[in-house]
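The letter at position 36 of the sequence shown is residue 51 when you use this note's numbering, and the numbering goes up by one with no holes. Heads up, the beta-carbon is just placed ideally off N, CA and C, and yes, glycines get one too. As the structure is a computational prediction, the values presented were derived from the model and not from experiment. Quick notes on the structure that follows.
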Amino acid sequence: MEVPCVRVAREAGEATRTTLADADLIDDTYEIAVEDGWLYIPVTNADATREALEDATIVTRTVDERETQTTPADLLAFDPSYERLGRAVLIDDDDPERAQAIADAVLESDLPVETVLNKASKVKGETRVRDWELLAGEDTEVVHREYGCEYLLDLANVYFSPRLATERHRVVEQVKADERAFDMFAGVGPFVVPFAKRGADCVGVDINAEAIDYLRENARRNGVTDRVTAINDDVRDVAADYENWADRIVMNLPHSADAFLESAVAIAGDDCVLHYYDIQHEDDPFGPGERAIRVAAEPEYEVTVETRHTVRSYAPHELNVCLDVRLER
Ligand code: SAM
16 MEVPCVRVAR EAGEATRTTL ADADLIDDTY EIAVEDGWLY IPVTNADATR
66 EALEDATIVT RTVDERETQT TPADLLAFDP SYERLGRAVL IDDDDPERAQ
116 AIADAVLESD LPVETVLNKA SKVKGETRVR DWELLAGEDT EVVHREYGCE
166 YLLDLANVYF SPRLATERHR VVEQVKADER AFDMFAGVGP FVVPFAKRGA
216 DCVGVDINAE AIDYLRENAR RNGVTDRVTA INDDVRDVAA DYENWADRIV
266 MNLPHSADAF LESAVAIAGD DCVLHYYDIQ HEDDPFGPGE RAIRVAAEPE
316 YEVTVETRHT VRSYAPHELN VCLDVRLER
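Shown next, in the form of structure tokens:
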């Protein structure tokens, strides 16, 4: 069967395969082919692959069909919904018997998974950590790969959502080398680490000490320690040390970001892009955020909304959105 494949030298194969897997672009119905020192990795979408891997060589060639893998759905009488996070599967099921049946099927399937976790609460409190029920495996610490970066994190102690990978990548692609980027609610570093990999000088703040420990570890794992300053504190108490500093600010604390806009304006430099996350009713998802930003920043700054972006549906009639806003003094 002829399919589009990324052609890559064998030595670079694993890094390329990981990047493609993180972007969900590998066509698993075909085998990866090896010939004359080259790997041919089948992909589902040639255009999306060009976007994810700027210097990709894409060729059309014949590859073998893969032998069928056993999925959890093959072993159950239904198709369970789940998220993958490294070698963990995350489910959200409040029926204990059904949850355990899914966990057993996941382990028995061909998925490369050793841990199954069931959501046991909503994200809560200041640190936005949720409770998890460990249905299979040893613990809640996982290694997760996203767009070529590697993250160690413990879901029982820090916030992390693999669902936001595409959104983070959208923002990461705007970052330029040598700019100064400030993440006010940095977590384990899914914005800070890839920003730093693009050459930005980054500050990440989080009130959760464990998140900051993981951010430091993740900077180390990804070779960007020299471009990352990680601070464990309330960002409102850090703002004065970074007055007029940032070319870019990320505010991913959707339910209460408006309470931190005064600090954001203090941190902003003369020309600064703010990525402001919000959760609002679908009738006016961008209005409240835009008005709050104008109240905080005008007239000191000219405020221009560059993008109004819907990230995902959050709850019935509620949207998780992002405003990319330029502040010019
Ligand atoms: N940016 C990360 C991500 O995308 O995975 C984490 C986002 S999470 C929704 C929000 C984070 O803000 C949590 O890690 C929480 O501990 C942190 N946080 C909450 N209040 C804070 C404050 N006043 N100062 C600094 N960090 C805070």
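Distances from the CA of residue 78 to each of 115, 49, 186 were compared; the closest alpha carbon is that of 49. For residue 281, the enclosing alpha helix (DSSP H) has its first and last residue at 276-282.
By the neighbour-count criterion, in which a residue is buried when 16 or more other Cβ atoms sit within 10 angstroms of its Cβ, residue 139 is exposed.
The stretch 141-207 contains, as complete beta strand (DSSP E) runs of 3+ residues, the segments 147-151, 156-161, 164-169, 195-198 (chain order). Per DSSP, residue 252 is one residue of the alpha helix (DSSP H) stretching across 250-253. The C-beta distance from residue 325 to residue 341 rounds to 20 Å, too long to fall under 8 Å, and the pair is not in contact.
Using a 10 angstroms sphere on the CB of residue 127, the tally of other CB atoms stays under 16, which defines it as exposed. The DSSP-derived three-state label of residue 57 is strand. Taking 8 Å as the cut-off, the Cβ atoms of residue 293 and residue 269 count as close. Look at residue 16: its beta carbon is at least 7 Å from all of the heavy atoms in ligand 1. Ligand 1 has a heavy atom closer than 7 Å to the beta-carbon of residue 205. For residue 334, no alpha helix (DSSP H) segment is defined; the enclosing uninterrupted segment is the beta strand (DSSP E) at 333-343.
Measuring C-alpha to C-alpha distances from residue 186 to each of 251, 289, 42, 280 identifies 289 as the nearest. In the three-state reduction of the DSSP assignment, residue 139 falls in the strand class, which pools E and B. Within the same chain, 164, 187 come within 6 Å of residue 209 by CB-CB distance, once the 5 residues on both sides are set aside.
Annotation for residue 219: the continuous beta strand (DSSP E) segment containing it runs 216-221.
Residue 304 and residue 338 do touch by the CB rule: their CB atoms are close to 5 Å apart, below 8 Å.
When 153, 105, 152, 124 are compared, the shortest CA-CA separation from residue 133 is found for 105.
Residue 72 has 22 as its beta-bridge partners, per DSSP.
Closest in alpha carbon position to residue 18, among 42, 29, 33, is 42. Look at residue 34 here: in three-state DSSP terms it is helix. The alpha carbon of residue 82 has as its nearest neighbour, out of 116, 115, 45, 91, the alpha carbon of 45.
At the C-beta level, residue 21 and residue 92 stay beyond 8 Å of one another. Your pair residue 229 and residue 205 does not check out as a contact, with CB atoms roughly 10 Å apart and the cut at 8 Å.
Within 7 Å of the C-beta of residue 174 there is at least one heavy atom belonging to ligand 1.
Comparing alpha carbon positions, the residue from 225, 162, 129, 174 closest to residue 149 is 129. Looking at 222, 122, 235, 242, the one whose alpha-carbon comes closest to that of residue 213 is 242. Among the bridge pairs identified by DSSP, residue 103 is matched with 100, 130.
At the C-beta level, residue 283 and residue 264 come within 8 Å of one another. Between residue 278 and residue 251, the beta carbon gap of about 5 Å places them in contact (Cβ cut-off 8 Å). Within the same chain, and ignoring the five residues on either side of residue 123 in sequence, the residues whose Cβ sits closer than 7 Å to its Cβ are 90. Residues 21, 41, 56, 58, 64, 67, 68 of the same chain have their beta carbon placed closer than 8 Å to that of residue 35, with the five preceding and five following residues left out of the count.
Residue 315 is not a Cβ neighbour of residue 343, given a cutoff of 8 Å. Within a 10 Å sphere around the beta-carbon of residue 259 sit fewer than 16 other beta-carbons, which makes this residue exposed.
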